[in-house]
Structure formats: C-alpha cells, structure tokens
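Taken in order, these protein sequences are the chains called E and C. 12 is the number of the first residue of the first sequence in the numbering used here; add one for each residue after it. 247 is the number of the first residue of the second sequence in the numbering used here; add one for each residue after it.
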Amino acid sequence: MTMEPDRSKERVLWPRGRKTVDLRPLAKRLDTLEGKTLGELWDDLFRGDEIFPILREAFAARFPGVRFVDYRVFGSTHGGEEHATIAGLPAKLREHGVDAVVSGMAC
Amino acid sequence: MLRASALAEELGVPSVSLTCEGFLGQAASTAAGLGMPNLPVALVPGHVDVQTAEELRRNVLGVTVQAVIQGLTAAPEEAADVDEPSPTGVVFEGTPDEVNRHFYAKGWSDGLPIVPPTAERVREFLRFTALHPDEELGVLLPDQRSATVRAVAANGVMAGCRPEYMPILVALVLAMADRRYGVEHSGNTPGSETLIVLNGPVIRELDFNYQQGALRDGFQANTTVGRFWRLCLRNLAGFLPHRTDKGTFGNTWRVVLAENEEALSRFGWPTLAQDQGLAPGENAVTVSRFTGGGVIVSVFGDGPDHMIPYLADGIARHVGWEVIFTVGMASGAQKPLLVLSPILAEMLARAGLSKHDVKRRLFEHARIPAWKFERYIGGWTNFTPGQPTLAALVGEGRAPAIFAESDDPNRLVPVVAAPEDIMLAVSGDPLRTNAYVFAHNGILGYPTTKRVELPPLWPRLLRSAREGDLR
Numbered sequence: 012m013t014m015e016p017d018r019s020k021e022r023v024l025w026p027r028g029r030k031t032v033d034l035r036p037l038a039k040r041l042d043t044l045e046g047k048t049l050g051e052l053w054d055d056l057f058r059g060d061e062i063f064p065i066l067r068e069a070f071a072a073r074f075p076g077v078r079f080v081d082y083r084v085f086g087s088t089h090g091g092e093e094h095a096t097i098a099g100l101p102a103k104l105r106e107h108g109v110d111a112v113v114s115g116m117a118c
Numbered sequence: 247m248l249r250a251s252a253l254a255e256e257l258g259v260p261s262v263s264l265t266c267e268g269f270l271g272q273a274a275s276t277a278a279g280l281g282m283p284n285l286p287v288a289l290v291p292g293h294v295d296v297q298t299a300e301e302l303r304r305n306v307l308g309v310t311v312q313a314v315i316q317g318l319t320a321a322p323e324e325a326a327d328v329d330e331p332s333p334t335g336v337v338f339e340g341t342p343d344e345v346n347r348h349f350y351a352k353g354w355s356d357g358l359p360i361v362p363p364t365a366e367r368v369r370e371f372l373r374f375t376a377l378h379p380d381e382e383l384g385v386l387l388p389d390q391r392s393a394t395v396r397a398v399a400a401n402g403v404m405a406g407c408r409p410e411y412m413p414i415l416v417a418l419v420l421a422m423a424d425r426r427y428g429v430e431h432s433g434n435t436p437g438s439e440t441l442i443v444l445n446g447p448v449i450r451e452l453d454f455n456y457q458q459g460a461l462r463d464g465f466q467a468n469t470t471v472g473r474f475w476r477l478c479l480r481n482l483a484g485f486l487p488h489r490t491d492k493g494t495f496g497n498t499w500r501v502v503l504a505e506n507e508e509a510l511s512r513f514g515w516p517t518l519a520q521d522q523g524l525a526p527g528e529n530a531v532t533v534s535r536f537t538g539g540g541v542i543v544s545v546f547g548d549g550p551d552h553m554i555p556y557l558a559d560g561i562a563r564h565v566g567w568e569v570i571f572t573v574g575m576a577s578g579a580q581k582p583l584l585v586l587s588p589i590l591a592e593m594l595a596r597a598g599l600s601k602h603d604v605k606r607r608l609f610e611h612a613r614i615p616a617w618k619f620e621r622y623i624g625g626w627t628n629f630t631p632g633q634p635t636l637a638a639l640v641g642e643g644r645a646p647a648i649f650a651e652s653d654d655p656n657r658l659v660p661v662v663a664a665p666e667d668i669m670l671a672v673s674g675d676p677l678r679t680n681a682y683v684f685a686h687n688g689i690l691g692y693p694t695t696k697r698v699e700l701p702p703l704w705p706r707l708l709r710s711a712r713e714g715d716l717r
C-alpha cells in the first residue's frame, strides 16, 4: 500500500521576531588621520598586542602628529571585563580626546 | 568587539574593526543586527594564530593598514533596510511538504521536518500561558530580535513540542534573554552546546525521562524541548551556521536533562534548581553552555574515599583549555557539571556526605599540574595576553591564593576556583554506577536558572490536553 501525500494547505506564521533596531547612521568619517587621536580597543585575543604596535608604527610614519591611546587604558572588550569596559567607554573616549577607534580582534 | 565599534559610532566616533579572513561573514551579519550593516571592517589575512611574527607583520602592513585608513576616512556605502514579514500575518501557504521546503530554504528550520506553525496550532500553545501573545520576553542578540510569547509558541510548534510544554518554553527564552547567560556568544568557535536541566513536578506531569537514557533522544518532551532551544537560537537570536554561528565543528542540540527528584528526596539532597537559589518543589530550568564532556564508567568502591578520586579525575580530564574561565579570561566562571546516577549519589549520601561535602572533596582532588594549567591559558592557546604565570595572576589579584601556594611547576592546582563552582545533578539509570561530566564555557553561557510559571488552572488544562489525546 502506498501512502497518499498530504495535499491539505497550511497557512503558517513567520517564526522569527521583529527586529528591534532600525538602521543607524555611522559617525562622520575623518578627512585625514594627521594629528588625530586613535583609540585602541582590544578583546585580549588573537595577537592584538602584536598587531597594534605594527599599526602604531605604520601610522606614525605616514600621518604626522597621529597619536594612539593604548588598549590597556580602556580594558578588555571581551571576557569578564566586557560589560564594565563597554559601560566606561563613552567617558574614556571623551577623556582621551579620541577621534576614531580601531577595534580588534574578530578571529 | 563589534558592539564596542557600534557604540563608538553611536557616540560620533568613527571606527574600524580588525577582522580575520574567516570572520568577515560573521562580522557582516553581526553588524546588520546592530543596525549598522555598513560598519567598516579591516581585513587581517588568514588566521593570526598560525602565522609567524614576520608573516603577521607582512599581512598587517600589506593589507590591514590600508583597510584601517579606508575604514576611518572613506564614507561607507549607504545601508539599505530589509523588509521583513509581519510577526502576526500568514507568511506562506502550502502543503506540509511545501511548508517544510519553504522554511528550510529561508533558513527557518534545522533540516529535520517541522510541524507547520499555523495560527491554530500556535493558539493551542498560547492556552498554556497567562501571558499576552505580544508580550516581549526579551531582545536577543546578535539580531536584536524581539522574542514574543507568540514567537516562542511558533518555534515550539515547529520543534514538535506539545502545547502543554509552553510554560517551560517561556522560561527557557527568559533564560536565553538574561544578560548573565550571554546568548550573544552562542556562535563562538568552540561550538559549545546548551544543556537544559529541568527540575520540579513538571518532570513527571509532562513525561520527561529522568531515568535510563536520560540524555538520549526518543522521549518527546526531552527531545523536542531541546530542539526548541536551538530553533530559537536560529529564529529569534539569529544564529545561522556559515554566518553568525562560527562553531568550528559544532554539536547537535542536546536533549533536556531532567533530574531524578524521587531519588534526591529519598536521600535528602537538594536539586540543582535549589542549589541555584530556588525553593524546594519549584519548577525550573537551568541552562548552561558546555563545551563537551564524557562518561565516567563503572565507578567502583565501597565508599567516598574510593569513589571521589575517580569522579574528580573525570572532571580534571574533561576541563582542559576551559580553565581560561577558572583563571584568566573570566576568573571564577568555570562551572563544570557532574551528573551522578542515583545509585552513586545515594552511596555518597548514605556515607554522610552532603552535596557541599561532595563538591569540596571533588575540588580537593580535581587538580592538574600548575605548568599544564599555565600552558592551557597561555602557551598552547593565546587566551591570556603575555602568558602570565599563575603566581603573577595571584599577585595581581586575578586568581585565588590557592593557585600559587608554591613555585613548583609540578604542584597541583584546582581546575575550578572554588568548590561551589562544581555543579552536581542526579539522573540516568538508577541502578548503574556511571557518571557524566560536562566541561563548561564560562561566561559564554553562564548557568542561568528561571522559574517555570504555570498558568492558572494548570491541572485542568493538563487534564484537557490528555483527554484530547484520547479523543
């Protein structure tokens, strides 16, 4: 005996949830990196402690007056410190006059 | 990391995020969830962990530097909004086979057949909660989607749950949305999987298996509620393999582990939910993400002195790199779970040991050499910058003193920070002398317990569900 396939129609609902975040604009980009202050944000993973010094060196050679605020100033953006670091970020960016942020590492 | 970048952007500070080659897709999906799909990333070629210092330098100077400049100075492309269906409207009409094909193509199912979530089936689930269908139980990262009661019911239908499981499903999504649990980490590369532990009278009322084969599929309640959790990660949180879910290997979802509360009450031990702060007899779910684990077979002996060292050895063997959550990345967050079969737990209890006593003795025995611990947190892995010694971490106040009682590299140190960090549960074959240990993923799935709230007239509702089976 063969089974007849079920031909009845089902009207089904969407199983996902509504997105709660609308599109948000990015910050205005910088016209140059010369003389600017770049904040380093690091999640304490994947060799950021080697990569940020390479970036510092390359940018210093290319953009006069560029300055980096060390990742240790902000705390880790991952692990046990994550929530405290994120909560303290607005004040620290202001305090150190940060013009732009370089954040790592997604690996 | 991207959340930090998005916050900077929100504050008017342009950002760029350093991203390894294999993570560009995840970065794009996560950025979309943050409402900034055009958030700039700077490529770091390959994966940094297997590059020499020279290769890393060459890649950063040759590729990443220019991408950082571009990300901070060039205006990114305008982002476009994506239209999505209404959460309350009909999204598709077709035969069950067509619904299954459509849902799979859209990424809304896991590849197994689903029960089509019609309005009628969803309504049946909603009878088993006092909450309004539109009530939001939480907002789930990374997609930042609203997890409503209706959406919970729809995913419960799809998973093959019975309507009367609904109070448990609601509690699970509340746990998923709890910040302590850390759902946003569910796509991390170790690919850990959540274990749900169930406590309370609902275990028997809803026919959960809590005896032989406790972690085996084949029992509708245990199996379908476990599947429901992963469908919610997919549909409500937004974790999809090859996109936001970057588990290198991953695991299939785990069936629900129900505790054997008859056994626990016989020898007077509290349940796991009680250990987590709930009152005796309360219905509760406890969720934790575990990296893996294994069975400890044929525990032999006439008392705790014989049994504890072997059980502790099982814990020490299965908690390896995960000690980064004991000391280092998130100290004190490693919470392994030891599941004892009832006959083992009863033996320990009859010997006069409370649960706390067992934990303390496991803590004393579950140890590894200090040199090995240090390799796990920095050496074999690169999880703790600078590869500090345990003594240095104790000196900085980042580890308890017990980790630096001497400077002998062969001294034994614990795999958890404190005895209470070892979780104990009782389940499985009542008359077999095996145990099971799960190593834990720390703050990336921290143990979180939620009470299961039953609707008014629960006994009557339950009776009506059973009578429906007989019709």
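Beta carbons: idealized from backbone N, C-alpha and C, even for Gly.
Three-state class that DSSP yields for residue 382(C) in the structure shown: The count along the second sequence starts at 1 and reaches residue 382(C) at position 136. Strand at residue 382(C).
Exposed unless 16 or more other CB atoms sit within 10 angstroms - verdict on residue 380(C): By one-based count along the second sequence, residue 380(C) stands at place 134. With fewer than 16 other Cβ atoms within 10 Å, it is exposed.
Closest Cα partner of residue 306(C) within the set 318(C), 686(C), 292(C): Numbered from 1 along the second sequence, position 60 holds the residue referred to as residue 306(C). That would be 292(C), whose Cα lies nearest to the Cα of residue 306(C).
Contact set between the segment 339 to 370 of chain C and chain E, restricted to residues whose Cβ is under 7 Å from the partner: 339, 340, 341, 342, 343, 345, 354, 362, 363, 364, 365, 368
Beta-carbon contacts of residue 290(C) that lie in its chain and below 6 Å, excluding the five residues immediately before and after: Position 44 of the second sequence holds residue 290(C). Cβ neighbours of residue 290(C) beyond the five flanking positions: 264, 266, 310.
Buried or exposed (CB count within 10 angstroms, at least 16 for buried), residue 720(C): No information on residue 720(C) is available, as it lies outside the stretch 247 to 717 that chain C covers here.
4 or more residues per run - each alpha helix (DSSP H) lying fully within the segment 431 to 513 of chain C: 448 to 451, 466 to 478, 507 to 513
Any chain E beta carbon closer than 8 Å to residue 543(C): One-based indexing of the second sequence puts residue 543(C) at position 297. Closer than 8 Å: no.
Rounded C-alpha distance that separates residue 378(C) from residue 396(C): Reading the second sequence from its first residue, position 132 is the one you call residue 378(C). Reading the second sequence from its first residue, position 150 is the one you call residue 396(C). Each residue's Cα considered, the two are about 8 Å apart.
Beta-carbon gap between residue 427(C) and residue 694(C) smaller than 8 Å: Position 181 of the second sequence, counted from the first residue, corresponds to residue 427(C). Position 448 of the second sequence, counted from the first residue, corresponds to residue 694(C). Yes, they are a contact pair.
Contact list for residue 79(E) against chain C, beta-carbon separation under 7 Å: The residue given as residue 79(E) occupies position 68 in the first sequence. The premise fails here: residue 79(E) is roughly 12 Å from chain C at the closest Cβ pair, so nothing lies under 7 Å.
Any C-beta of chain C under 8 Å from that of residue 48(E): To locate residue 48(E), count along the first sequence from 1; it is residue 37. Under the Cβ distance rule, residue 48(E) does not count among the residues neighbouring chain C, no pair being separated by less than 8 Å.
Host alpha helix (DSSP H) of residue 366(C) (start-end): The sequence position of residue 366(C) within the second sequence is 120, counting from 1. Where residue 366(C) is concerned, the enclosing alpha helix (DSSP H) stretches over 365 to 372.
Residue 676(C) beta carbon less than 8 Å from that of residue 588(C): Numbered from 1 along the second sequence, position 342 holds the residue referred to as residue 588(C). Numbered from 1 along the second sequence, position 430 holds the residue referred to as residue 676(C). Yes, these two residues count as a Cβ contact at 8 Å.
is_contact[residue 61(E), chain C] using C-beta, thresh 8 Å: Here the question's residue 61(E) lines up with position 50 in the first sequence. Residue 61(E) counts as touching chain C.
Endpoints, alpha helix (DSSP H) assigned at residue 553(C): Reading the second sequence from its first residue, position 307 is the one you call residue 553(C). Its alpha helix (DSSP H) spans residues 550 to 564.
Cβ contact (3+ pairs, closer than 8 Å) linking the segment 583 to 601 of chain C and the segment 544 to 561 of chain C: Yes, since at least three Cβ pairs between the segment 583 to 601 of chain C and the segment 544 to 561 of chain C fall closer than 8 Å, the two stretches touch.
Close Cβ partners of residue 530(C) (< 7 Å) along its chain, the five nearest in sequence each way excluded: Position 284 of the second sequence, counted from the first residue, corresponds to residue 530(C). 445, 446, 519, 524, 695, 696, 697, 698.
Reduced DSSP secondary structure (H/G/I, E/B, other) of residue 32(E): Residue 32(E) sits at position 21 when you count from the first residue of the first sequence. Residue 32(E) falls in the coil class under three-state DSSP.
Euclidean distance between Cα positions of residue 100(E) and residue 82(E): Taking the first residue of the first sequence as position 1, residue 100(E) is located at position 89. Taking the first residue of the first sequence as position 1, residue 82(E) is located at position 71. Looking at the two C-alpha atoms, the distance is approximately 11 Å.
Run of the alpha helix (DSSP H) containing residue 571(C), from where it starts to where it stops: Within the second sequence, the letter at position 325 stands for residue 571(C). From DSSP, residue 571(C) is part of no alpha helix (DSSP H); its letter is neither H nor E.
Any C-beta of chain C under 8 Å from that of residue 109(E): The residue given as residue 109(E) occupies position 98 in the first sequence. Contact with chain C is found for residue 109(E), since one of that chain's Cβ atoms lies less than 8 Å from the residue's Cβ.
DSSP-derived helix/strand/coil call for residue 696(C): As a position in the second sequence, residue 696(C) is number 450, starting the count at 1. Note: residue 696(C) maps to strand in three-state DSSP.
CB contact flag (residue 439(C), residue 367(C), <8 Å): As a working note, residue 439(C) is residue 193 in the second sequence. As a working note, residue 367(C) is residue 121 in the second sequence. No.
Contacting positions in the segment 287 to 298 of chain C - beta carbon closer than 9 Å to chain E: 287, 288, 290, 293, 294, 295, 297
Contact set between residue 255(C) and chain D, taken where Cβ atoms lie within less than 7 Å: No chain D appears in the structure shown, which is made up of the protein chains E and C.
Where residue 634(C) falls, given that 16 or more other Cβ within 10 Å makes a residue buried: Locating residue 634(C) in the second sequence gives position 388, counting from the first residue. By the 10 Å Cβ count, residue 634(C) comes out buried.
Same chain only: Cβ atoms within 6 Å of residue 382(C), ignoring 5 sequence neighbours per side: Your numbering for residue 382(C) matches position 136 in the second sequence. Within the same chain, residue 382(C) has close Cβ partners 392, 394.
Under 8 Å between C-beta atoms of residue 501(C) and residue 453(C): Within the second sequence, numbered from 1, the residue matching residue 501(C) stands at position 255. Within the second sequence, numbered from 1, the residue matching residue 453(C) stands at position 207. No. Outside cutoff.
Alpha-carbon spacing of residue 432(C) relative to residue 402(C), whole angstroms: Walking along the second sequence from the start, residue 432(C) turns up at place 186. Walking along the second sequence from the start, residue 402(C) turns up at place 156. The C-alpha of residue 402(C) is placed about 20 Å away from the C-alpha of residue 432(C).
Residue 390(C) vs residue 271(C) beta-carbon contact at 8 Å: Here residue 390(C) corresponds to residue number 144 of the second sequence, with the count starting at 1. Here residue 271(C) corresponds to residue number 25 of the second sequence, with the count starting at 1. No, the Cβ-Cβ distance between residue 390(C) and residue 271(C) is not below 8 Å.
CA nearest to the CA of residue 471(C), picked from 274(C), 449(C), 688(C): For the purposes of this step, residue 471(C) is identified with residue 225 of the second sequence, where counting begins at 1. For residue 471(C), the nearest C-alpha among the options comes from 449(C).
Reduced DSSP secondary structure (H/G/I, E/B, other) of residue 45(E): What you label residue 45(E) is simply residue 34 of the first sequence in a count that begins at 1. Note: residue 45(E) maps to coil in three-state DSSP.
Within 8 Å, strictly: CB atoms of residue 623(C) and residue 573(C): The residue labelled residue 623(C) in the question sits at position 377 within the second sequence. The residue labelled residue 573(C) in the question sits at position 327 within the second sequence. Going by C-beta atoms, residue 623(C) is nearer than 8 Å to residue 573(C).
For residue 370(C) and residue 706(C), the rounded distance between their alpha carbons: Counting from 1 along the second sequence, the entry for residue 706(C) is found at position 460. Counting from 1 along the second sequence, the entry for residue 370(C) is found at position 124. One C-alpha to the other measures close to 15 Å.
Against chain E: residues of the segment 376 to 402 of chain C by CB proximity under 8 Å: 385, 386, 389, 390, 391, 392, 393, 394, 396, 397, 400, 401
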